[in-house]
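Per my numbering, the sequence shown starts with residue 125, numbered consecutively. Even glycine gets a Cβ: it sits at the ideal position worked out from N, Cα and C. Below: the structure, in structure tokens.
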Amino acid sequence: MTVLTEGGTEEVRVPRAQRQAPTLDDEKTGEITKLAIDLEREMGWPVDLEFAYYANDLYLLQCRPITTLSHQGLRQQTITL
Numbered sequence: 125m126t127v128l129t130e131g132g133t134e135e136v137r138v139p140r141a142q143r144q145a146p147t148l149d150d151e152k153t154g155e156i157t158k159l160a161i162d163l164e165r166e167m168g169w170p171v172d173l174e175f176a177y178y179a180n181d182l183y184l185l186q187c188r189p190i191t192t193l194s195h196q197g198l199r200q201q202t203i204t205l
């Protein structure tokens, strides 16, 4: 894993127990999902978004339309949060 140090960055080992642990918990995953769905509804098309968490707060870094989707084989899906 790359971590910030006073002199720049440094590669450090990740403890074995943490290697298989999920990065996001269910609450954060739900928060990101809701944001993505809200943005898609507002924009009117599927979105590709970049986000970050800092001090447990969600920040939207970038949002843009997905332009590489083919409509063939896509089916409508309803998600209830």
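Element boundaries [beta strand (DSSP E), containing residue i]
i: A176; result: 171 to 178
i: T126; result: 126 to 129
C-beta contact flag for residue i and residue j at 7 angstroms
i: V171; j: L184; result: no
i: A160; j: L173; result: yes
i: V136; j: V127; result: yes
Three-state secondary structure assigned by DSSP to residue i
i: D232; result: Examination of residue 232 is not possible in this model, given that the chain is present from 125 through 205 alone.
i: E134; result: strand
i: Q186; result: strand
i: D150; result: helix
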